[in-house]
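S.K.: Just passing along the structure, written as structure tokens.
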Amino acid sequence: MGFHGKKLIMMMLCGLVAMGAASPAYAQKNSGIEQLIEQKTARAKSLVYSNPKASAKVADTLIQLSQKHNKPLNEATGWNVKGIIMSFIGNPDSALFYFNKTEQIGIRVNDKLTIAKARQNKNLPLSRMGKYDQAMQTCLAALKLYQELGNKESQAGCLGDIGNILIRSNKPADAIRYLKEAIQTADELKDEALKVNFYNSLAVAYLETKQDQLAKETYKKALPLAEKHNRVNNQISILMNLGDLVWQMSRDGKESSGYYLKAEKLALNFGDQPKLGAIYQNLGNIYSAAGDNKTAMEYGIKARDIAVKMKDVEVQERVYNSLAIYSSKAGSYKEAYDAGVQRDSLYRIMFDAKATENMNELQTKYETEKKQSQINLLDKQNQIQSLQLSQKNLLLGNNELELQRNKLQINNQDLNIRQQKSLLDREQLEAKTRKQQIQLLDAENKLQRLQLMERNIIIGIVLGLLVLLAFIASLIYNRYKLRQESKLQEERIAQQEHAASAVIHAEENERNRIAGELHDGLGQLFSAVKMNLSGISEHLNFKDEQSRDVFFKTMDMVDESCKEVRVISHQMAPNVLLKSGLAAAIRDFISKIDARRLKINLETFGLQDRLNQNTEAVLYRVVQESVNNVIKHSGASSLDIQLTKDEDGINAMIEDNGKGFNAQEAESFAGMGLKNIQSRVNYLKGTVDFSSEPGKGTLVAIHIPL
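According to numbering that gives the first Met the number 0, the stretch in the sequence shown is residues 0 to 705, in order.
Given below as structure tokens:
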């Protein structure tokens, strides 16, 4: 039952932000209609957690007024409230529709806060539908917008939603990190109500990581806060999780079901279908553990109907898994099989490898962008410091230039300085000549480097081509080798099938030959002996009555021998199998078994048309061998045989109430009878399963594909 508490619907949103508040571009005059719209906006948001039905009615009125008086942000709040309510009652398609309406309005009026809230809110309906990668993507997009706006409260809510997505996708350790960060942000904001959802989700993550004591302490923090702030939805989740925790720690069904029944009452009043489905599933597990599978099935069916209505793939997978267990315990194996097939199909959809990979990629991308933002901030700070330093250097340079200008004016007045300047010009000319020579040498060096680089590129290309050719040759050789191995394997399989077919045909031919010999040879001899003895009995004079009794007893023994030979010959080569088919042959075979010793019940479905002769012969021998094993070894008083033909093939179920054996031990299959059954079924490319325990009878399940 522990897995039901793992992925409960932890929270919808971490409080509604004031979406109805107008941005500067949409600030309008405060009139009577505007006051009414603002009142409806506040009331719709305040009722969404405590009375969703009333909140939905207020939201409809708010949308109509906002559309009539051109209040787009208030209209967006109304659509957002309706989306949250649809998520609460388990209607993900409608929820996504309303959140998309909210996002479109935000894009139209260029209000980032509205866009961010709509994207954040999409995560729960997407998670319910098993689309975890899309849910993570919308949350990360919303978080980025909140960071740009500097909205700490909404950032905390978004971090909580990311934690919930990670819990639902089996990553509780990563979820703990995000949820603790969300709680820390809520503490900084001093917002108690915001922490209710985070505590509840954090407790679930602790349960997932086997930290039961921490989970219990966290629930104790969350429940009083939920009651204080009238968070009915959170109270339901906490009571459910407490029931789950009590069941895991003590297996106390009475205390655990008490929590679930309290949660059921709140969920029915609140209209929270997803949690109601989880409650029914957990109650079903408790009753199943207590041995009351009938009540468990009733709760399981209620949970299944709600999960299908919600279109929640994850919940459907859990419910069908529970129904398979309940049906199996109740002996309804067909219902258990059908539920198992549904569960496996939903599991593959839910844990699609590509979706998990995309979600990991999105999470990594978010962490990378966050680190890059920090690096960019440091780079900007360094650039500012560099600019400030350059400004100081420029001021110093200007001062130096002013000093040099003054010196030049003084030097221009002195004739000696002119001569020194002439010498300086000559030196500068020489320096320029040397610089040109250096530039020429540098150009020559660059040319040599380019030539060397060109040679290296050519060598690299040649080496790359050689490596590529070697790789292609290796691929061709491996492909050829694989083809040869495949052909060899096919030939081996064909030889094995041919050998098995030859053995079966030889065995059947030998049975027919022996049956003919018994019927035409030994049977005729016994008939002749009986006739001769009957003929001479009229001419014999018996000394006494005892001799006469011995003679007639001998006649009876000869008659019984004739019948026994006839029965053996018919069992080895039953004519009814050739004339009337498999079902009639088996029915004829079991009719000859003493019902006082073993009561046999035969049921056949879909065998109106004849099967392939080899298939009929092999199945007849397998059933015959199984019945003989029951008579010889099981000590059973009842035997059920069921033969079914459908589109997939033929299924045979042979079940007795005998003493059974340990089917897990290899020596249990040492007998020739069971080996013969396995070899015959393998010949038809079928499967056979022996299910047995000491004292619980034996079930032989056979499937032959057509």
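Where a beta carbon is used, it is the ideal one built from N, C-alpha and C, also for glycine.
Which residues mark the beginning and the end of the beta strand (DSSP E) in which L650 is found?
M.R.: For the purposes of this step, residue 650 is identified with residue 651 of the sequence shown, where counting begins at 1. Note on residue identity: the sequence assigns Asn, not Leu, to residue 650. Here the beta strand (DSSP E) through N650 covers G648 to D655.
S.K.: Mark P704 as exposed unless 16 or more other C-beta atoms lie within 10 angstroms of its C-beta, in which case mark it buried.
M.R.: As a working note, residue 704 is residue 705 in the sequence shown. Exposed, because fewer than 16 other Cβ atoms sit within 10 Å of the Cβ of P704.
S.K.: Please tell me whether G242 and N281 are closer than 8 Å, where the distance is taken between their beta carbons.
M.R.: Along the sequence shown, read from residue 1 onward, the residue named residue 242 stands at position 243. Along the sequence shown, read from residue 1 onward, the residue named residue 281 stands at position 282. In contact: G242 and N281 (Cβ atoms closer than 8 Å).
S.K.: Does the pairing of the segment 80-91 with the segment 104-111 give three or more beta-carbon distances under 8 Å?
M.R.: At 8 Å Cβ cutoff, the stretches do not touch.
S.K.: Within a Cβ cutoff of 7 Å, which residues of the same chain sit near G694, ignoring the five residues on either side of it in sequence?
M.R.: Counting from one through the sequence shown, the residue named residue 694 turns up at place 695. Cβ neighbours of G694 beyond the five flanking positions: K658 and G659.
S.K.: Identify which residue in M652, A192 and R491 has its Cα closest to the Cα of K227.
M.R.: Position 228 of the sequence shown, counting from 1, holds the residue named residue 227. Ranking the options by Cα distance to K227, first place goes to A192.
S.K.: Would you identify the three-state DSSP class for F541, choosing helix, strand or coil?
M.R.: In the sequence shown, residue 541 corresponds to position 542, counting from 1. Coil.
S.K.: Pull up the distance between the alpha-carbon of K215 and that of K261, whole angstroms please.
M.R.: Position 216 of the sequence shown holds residue 215. Position 262 of the sequence shown holds residue 261. The alpha-carbon atoms of K215 and K261 are separated by roughly 18 Å.
S.K.: Tell me the residue span of the alpha helix (DSSP H) that contains P124.
M.R.: Indexing the sequence shown from 1 puts residue 124 at position 125. Residues N122 to R127.
S.K.: Check whether the Cβ atoms of S126 and I161 sit closer than 8 Å, and answer yes or no.
M.R.: Numbered from 1 along the sequence shown, position 127 holds the residue referred to as residue 126. Numbered from 1 along the sequence shown, position 162 holds the residue referred to as residue 161. Their beta carbons are not under 8 Å apart, which means S126 does not touch I161 by this criterion.
S.K.: Per DSSP, D639 is paired with what?
M.R.: Residue 639 sits at position 640 when you count from the first residue of the sequence shown. DSSP lists N600 and E654 as partners of D639.
S.K.: Please identify the residue among G89, M652 and T113 whose C-alpha is closest to the C-alpha of E74.
M.R.: Residue numbering aside, residue 74 sits at position 75 when the sequence shown is read from its first letter. Nearest of G89, M652 and T113 to E74, Cα basis: T113.
S.K.: Could you name the residues that DSSP lists as bridge partners for I703?
M.R.: Here residue 703 corresponds to residue number 704 of the sequence shown, with the count starting at 1. Beta-bridge pairing links I703 to I649.
S.K.: Taking its Cβ as the centre, do 16 or more other Cβ atoms sit within 10 Å of S200, making it buried, or is it exposed?
M.R.: For the purposes of this step, residue 200 is taken as the residue at position 201 of the sequence shown. Its Cβ being crowded by 16 or more others within 10 Å, S200 is buried.
S.K.: Would you kindly report the start and end of the unbroken alpha helix (DSSP H) that includes S327?
M.R.: For the purposes of this step, residue 327 is taken as residue 328 along the sequence shown, with counting starting at 1. Start and end: V312 to K328.
S.K.: Between D132 and N122, what straight-line distance do the alpha-carbon atoms span, to the nearest angstrom?
M.R.: For the purposes of this step, residue 132 is identified with residue 133 of the sequence shown, where counting begins at 1. For the purposes of this step, residue 122 is identified with residue 123 of the sequence shown, where counting begins at 1. One C-alpha to the other measures close to 10 Å.
S.K.: Please report the Cβ distance between P51 and A94, rounded to the nearest whole angstrom; I am assuming they are in contact, meaning their Cβ atoms lie under 8 Å.
M.R.: Start at 1 with the first residue of the sequence shown, and residue 51 comes out as number 52. Start at 1 with the first residue of the sequence shown, and residue 94 comes out as number 95. Contact doesn't hold; Cβ gap of about 12 Å is too wide.
S.K.: When DSSP labels each residue in this structure, what does S690 get in the three-state scheme?
M.R.: Counting from 1 along the sequence shown, the entry for residue 690 is found at position 691. Note: S690 maps to strand in three-state DSSP.
S.K.: Opposite L148 in the DSSP bridges: which residues?
M.R.: Within the sequence shown, residue 148 is the residue found at index 149, counting from 1. L148 pairs with nothing; no bridge assigned.
S.K.: Of the residues S54, G276 and T432, which one's Cα is nearest the Cα of A43?
M.R.: As a working note, residue 43 is residue 44 in the sequence shown. Checking every option, the nearest Cα to that of A43 belongs to S54.
S.K.: In angstroms, rounded to a whole number, what distance separates the CA positions of E207 and T101?
M.R.: For the purposes of this step, residue 207 is identified with residue 208 of the sequence shown, where counting begins at 1. For the purposes of this step, residue 101 is identified with residue 102 of the sequence shown, where counting begins at 1. In a straight line, the C-alpha of E207 is about 34 Å away from that of T101.
S.K.: Could you name each continuous alpha helix (DSSP H) segment of 4 residues or more that falls completely within the segment 80-111, going from the start of the chain to the end?
M.R.: As far as the segment 80-111 is concerned, its whole alpha helix (DSSP H) runs of at least 4 residues are 91-108.
S.K.: Within the same chain, show all residues whose beta-carbon is closer than 6 Å to that of A24, passing over the 5 residues directly before and after it, in chain order.
M.R.: Here the question's residue 24 lines up with position 25 in the sequence shown. Note that A24 scores 37 on pLDDT, short of 50, meaning its location in the model is unreliable; the coordinates nonetheless yield the value given after this. Same-chain partners within the cutoff: there are none.
S.K.: Identify the continuous alpha helix (DSSP H) that holds F588 and give its terminal residues.
M.R.: Taking the first residue of the sequence shown as position 1, residue 588 is located at position 589. Note, F588: alpha helix (DSSP H), L581 to S590.
S.K.: Excluding the 5 residues flanking L46 on each side, which residues of the same chain have their C-beta closer than 8 Å to its C-beta?
M.R.: Position 47 of the sequence shown, counted from the start, is the residue given in the question as residue 46. Around L46: A53, S54 and V57.
S.K.: Considering only residues of the same chain and omitting the five flanking positions on each side of T697, which have a CB-CB separation below 6 Å?
M.R.: Position 698 of the sequence shown, counted from the start, is the residue given in the question as residue 697. Only D655, G659 and S691 meet the Cβ criterion.
S.K.: Hey, could you find the ends of the alpha helix (DSSP H) G176 is sitting in?
M.R.: For this step, residue 176 is matched to residue 177 along the sequence shown. Position check: residue 176 holds Arg in this sequence, whereas Gly was assumed. P171 to L188 is the extent of the alpha helix (DSSP H) around R176.
S.K.: Do the segment 672-681 and the segment 623-633 make contact, defined as three or more Cβ pairs closer than 8 Å?
M.R.: Taking 8 Å as the limit for Cβ pairs, the verdict is that the segment 623-633 does touch the segment 672-681.
S.K.: Apply the 10 Å Cβ neighbour rule to P223 and answer buried if 16 or more other Cβ atoms are within range, or exposed otherwise.
M.R.: Within the sequence shown, numbered from 1, the residue matching residue 223 stands at position 224. Counting Cβ neighbours within 10 Å, P223 comes out exposed, since fewer than 16 surround it.
S.K.: Considering only C-alpha positions, which residue in the set K333, M296 and D304 is nearest to S321?
M.R.: Position 322 of the sequence shown holds residue 321. Of the listed residues, the one whose Cα sits closest to S321 is M296.
S.K.: Go ahead and pull the three-state DSSP assignment for K644.
M.R.: As a first step, residue 644 must be located in the sequence shown, where it is residue number 645. It is a strand residue.
S.K.: Please state if the CB of I676 and the CB of V755 are separated by a distance shorter than 8 Å.
M.R.: A question about residue 755 goes unanswered here, because the residues of the chain that appear run from 0 up to 705.
S.K.: In terms of residues, what are the limits of the alpha helix (DSSP H) holding G629?
M.R.: The residue labelled residue 629 in the question sits at position 630 within the sequence shown. Looking at the sequence shown, residue 629 is not Gly but Val. Unbroken run through V629: none, as it is neither H nor E.
S.K.: For Y298 and Q103, what's the separation of their Cα atoms in angstroms?
M.R.: By 1-based counting over the sequence shown, the position of residue 298 is 299. By 1-based counting over the sequence shown, the position of residue 103 is 104. Near 41 Å, if we compare the C-alpha coordinates of Q103 and Y298.
S.K.: Under a three-way DSSP split, which group does T697 fall into?
M.R.: Stepping through the sequence shown from its first residue, residue 697 is reached at position 698. Note: T697 maps to strand in three-state DSSP.
S.K.: Where does D555 fall in DSSP's three states?
M.R.: Residue 555 sits at position 556 when you count from the first residue of the sequence shown. Here D555 sits in helix by DSSP.
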